[in-house]
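All letters in the sequence shown, in the order written, are residues 879 to 1194 by the numbering used here. Working notes, beginning with the structure itself.
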Amino acid sequence: MIPVVDLRPWRDGDPADRAAIAAAVDRALSTAGFLLIAGHDVDPDLRSRIRCAARRFFRLPEDAKRPYAVRVGGRGWLGPGAEANSYAEGTPSPPDLKESWSFAAEEPTGDAVVDGEWFLPNVWPAEVPQLRTLVTDYLERMRALSDEVLELLAAALGGPADLFTRHTRHPTWGFNINWYPAREATGEPQPGQFRIGPHTDFGTITVLDRQNGRGGLQVFTDRWEDAPYDPAALTVNIGDLMARWTGDRWRSGRHRVLPPPAEDPAEELMSLVYFYECDPGTVVTSLPAPVGRVRYEPFDSHGYLREKLNAIALDG
């Protein structure tokens, strides 16, 4: 069961309301690792305008997009064949059937080594100048919302409000605008090929604004199921860092995006995907029992993130 969690009574409700919401969050993250978040106050018009601007870029000829091409983890265009997410869980597959424009944290810390790896400047497509203002606005909202969700997660564990946000004073994050072209553009998928292959995310939480479709998001509990959809809600799932932080009390939400459907060859979708992480140098230590279930050896958050980003990158 993936519930819809309304942030309005979480912000303004009485202790009983807040306790009920925290308990629902704990149950959901223990099973599927996913939530739907309503009452988030992220303007739907802003999301639509980002999609409209990004679509103009993605529909440009490949020659116009190629100068922006980057490898996974870079800032710019991830074209067809750039990544295969199933490699993150050790499963070879054909490349994912998508294109992305990828952004990431860029405000420097003052540490040249850290900044050179994790806080490089973003790149903006000159062909769509309005995208910069729209995305900058959206990213501010995502950062604030992500910290609010982390405080909710801390309450669900019975911890202090800053259990996680004490580690997000200067965090890394990633933001992908994922474009899933229609089957009439991609052609017949190869065996085992998806818009995004099965995987878990790598960070603390992911905040997703998605479109519904036949070739859309599926989540795995004991079997694959279509993810519930609410156009007014954002989809939130936890990643590997959070799962290990909670000692596997919560599941890193395994998911995939289905191939472009044969029964709707013109269907194209676009997702706005915000990956929240933590401060570089954070040592992730599993919460002890009775909260945690498994005691992992402490590990460096960003060493883990780099390993996973390298795993899904295709260099061919």
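Using N, Cα and C, we set each Cβ at its ideal position, and we do this for glycine too. No experiment lies behind these values; they were computed from the predicted model shown.
Between the CA atoms of residue j and residue i - distance to the nearest angstrom
{"i": "Leu1023", "j": "Arg944", "result": "33 Å"}
{"i": "Pro922", "j": "Arg929", "result": "11 Å"}
{"i": "Pro1137", "j": "Pro893", "result": "44 Å"}
{"i": "Val1097", "j": "Val1114", "result": "12 Å"}
{"i": "Ser964", "j": "Ile1074", "result": "8 Å"}
{"i": "Thr1046", "j": "Pro1158", "result": "9 Å"}
{"i": "Ala1282", "j": "Gly891", "result": "Here the chain has residues from 879 to 1194 only, and residue 1282 is not among them."}
{"i": "Leu1028", "j": "Arg1019", "result": "14 Å"}
{"i": "Arg1132", "j": "Ser980", "result": "21 Å"}
{"i": "Glu1185", "j": "Arg1129", "result": "20 Å"}
{"i": "Arg1122", "j": "Tyr1174", "result": "7 Å"}
{"i": "Glu985", "j": "Leu1017", "result": "13 Å"}
{"i": "Ser926", "j": "Pro1109", "result": "12 Å"}
{"i": "Arg1088", "j": "Glu1146", "result": "12 Å"}
Closest Cα partner of residue i within the set the options
{"i": "Asp1212", "options": "Leu885, Ala910, Arg1061, Ala947", "result": "There is no way to answer for residue 1212, as the model of the chain reaches only from 879 to 1194."}
{"i": "Arg889", "options": "Leu907, Gly917, Ala906", "result": "Gly917"}
{"i": "Ser971", "options": "Pro1067, Trp1123, Glu1026", "result": "Pro1067"}
{"i": "Phe1042", "options": "Ala932, Asp1104, Thr1082", "result": "Thr1082"}
{"i": "Leu1095", "options": "Asp1025, Gly1037, Val1151", "result": "Val1151"}
{"i": "Ala1060", "options": "Asn1188, Met1148, Tyr946", "result": "Met1148"}
{"i": "Val1021", "options": "Ile1116, Glu940, Val1085", "result": "Before going on, a small fix: residue 1021 reads as Arg here, not Val. Among Ile1116, Glu940, Val1085, the Cα nearest to that of Arg1021 is on Val1085."}
{"i": "Gly968", "options": "Pro1076, Gly994, Pro1007", "result": "Pro1076"}
Close beta carbons around residue i, own chain, < 8 Å, minus the five adjacent residues each side
{"i": "Val1161", "result": "Pro1176, Phe1177, Asp1178, Ser1179"}
{"i": "Gly1194", "result": "Its pLDDT being 47, under 50, Gly1194 is placed unreliably by the model, and the measurement read from it follows with that caveat. Gly959."}
{"i": "Pro973", "result": "Pro958, Gly959, Ala960, Glu961, Ala962, Gln1071, Leu1192"}
Span of the beta strand (DSSP E) around residue i
{"i": "Pro1076", "result": "1074-1077"}
{"i": "Met1148", "result": "1147-1154"}
{"i": "Ile1116", "result": "1112-1116"}
{"i": "Asn1056", "result": "1051-1058"}
{"i": "Glu1066", "result": "Premise fails: Glu1066 is in no beta strand (DSSP E) and is neither H nor E."}
{"i": "Val1133", "result": "Here the sequence assigns His to residue 1133, which means Val is not the residue at that position. Run containing His1133: 1133-1135, per the beta strand (DSSP E) assignment."}
{"i": "Glu995", "result": "From DSSP, Glu995 is part of no beta strand (DSSP E) but of the alpha helix (DSSP H) over 990-996."}
{"i": "Val1097", "result": "1095-1098"}
Cβ neighbours of residue i in the same chain (closer than 6 Å, five flanking residues each side left out)
{"i": "Thr1050", "result": "Ala983, Trp996, Glu1155"}
Contact set for residue i: own chain, Cβ-Cβ below 7 Å, skip 5 residues either direction
{"i": "Glu1062", "result": "Pro1143, Ala1144"}
{"i": "Pro1106", "result": "Ile880, Leu914"}
{"i": "Thr1163", "result": "Pro1176"}
{"i": "Leu938", "result": "Glu1005"}
{"i": "Asn1056", "result": "Lys976, Ser978, Met1148, Ser1149, Val1151"}
Residue range of the unbroken alpha helix (DSSP H) whose run includes residue i
{"i": "Arg933", "result": "922-936"}
{"i": "Trp888", "result": "885-890"}
{"i": "Ala1140", "result": "Premise fails: Ala1140 is in no alpha helix (DSSP H) and is neither H nor E."}
Any chain D beta carbon closer than 7 Å to residue i
{"i": "Phe1042", "result": "The chain labelled as chain D is not found in the depicted structure, where only one protein chain is given."}
- Tell me the start and end of each unbroken alpha helix (DSSP H) in the region 938-1017 that is at least 4 residues and wholly inside, in chain order. 940-943, 990-996
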